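Reviewing the structure listed below.
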Amino acid sequence: MLWPPIAVAAMLILGFAVGKTSTPVDDWFGRYRDSEARHLVVIANPLLLVAACIAVFAVLLYQRRRRLAAMVVIAPLVGIAVVRLIKPIFEREKEGGLAYPSGHVTATVIVVGLVVLAACAARWAVALAVVLIPLVMLGVGVTFHYFTDTVGGLLLGSAVVCIAALIGKLDTRQPGCDADHTGG
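Just so we're aligned, residue 54 is where the sequence shown starts under the working numbering, counting upward by one.
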């Protein structure tokens, strides 16, 4: 799978390209700090993300998809750990905290991606991801992060989701998303 190294490389390149201060793109999004878009940050609320993980974990255990269930526990923790390790490399600050890449967006992308994987890429789950991810990027990008930080979070989070899919042995080609090939 080529996406994880491409996404991580793109995230690193973007992080070094944007530097330590705001870019013109960030400035444009920053004009909307006091708009209603700031409320979209609620999508990245850690309690909401943990609740989603618990629900997905329970469903996957019920379905006996233990490897993917393990990824629901491990992947968000790995994503946040990576964010915390690499933020000091970029030294990009906003409002007194390290900003690049956004851990809020990284975690949200991972959790929403795990929902898509658990749902075997059902149309509703993909549609949910297509709607939620840009909204959370907007909400976070107009509040306590620069918008380019959210792009870095999207890239990193999507790489983690792809690795989780590989480890979880997701195989949507099987009937009923039969990942372990026992049903058909």
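Beta carbons are placed, not taken as given, at the ideal position from N, Cα and C, and that holds for glycine.
Remember, predicted model here, so these are calculated numbers, not experimental data.
Residue i versus residue j: straight-line alpha-carbon distance, rounded
i, j, result
"Ala111", "Ala122", "8 Å"
"Ala105", "Ala128", "13 Å"
"Lys73", "Tyr115", "46 Å"
"Val204", "Val109", "25 Å"
"Arg84", "Arg118", "45 Å"
"Asp217", "Val125", "It should be noted that the sequence gives Ala, not Asp, for residue 217. If I take the Cα positions, the gap works out to 8 Å."
"Glu144", "Val103", "28 Å"
"Ile66", "Val131", "21 Å"
"Ala180", "Pro77", "30 Å"
One or two residues paired with residue i in a DSSP bridge
i, result
"Glu146", "Leu151"
Residue i and residue j closer than 7 Å at C-beta
i, j, result
"Leu195", "Ala60", "Position check: residue 195 holds Val in this sequence, whereas Leu was assumed. Not in contact: Val195 and Ala60 (Cβ atoms no closer than 7 Å)."
"Ala63", "His157", "no"
"Leu93", "Leu188", "yes"
"Ala171", "Ile133", "no"
Option nearest residue i by Cα separation, candidates the options
i, options, result
"Val135", "Val125, Gly150, Ser155", "Ser155"
"Gly68", "Ala180, Glu146, Thr161", "Glu146"
"Ile163", "Leu209, Phe143, Met54, Ala172", "Leu209"
Residue i classed as buried or exposed, judged by whether at least 16 other C-beta atoms fall within 10 angstroms
i, result
"Ser211", "buried"
"Asp202", "buried"
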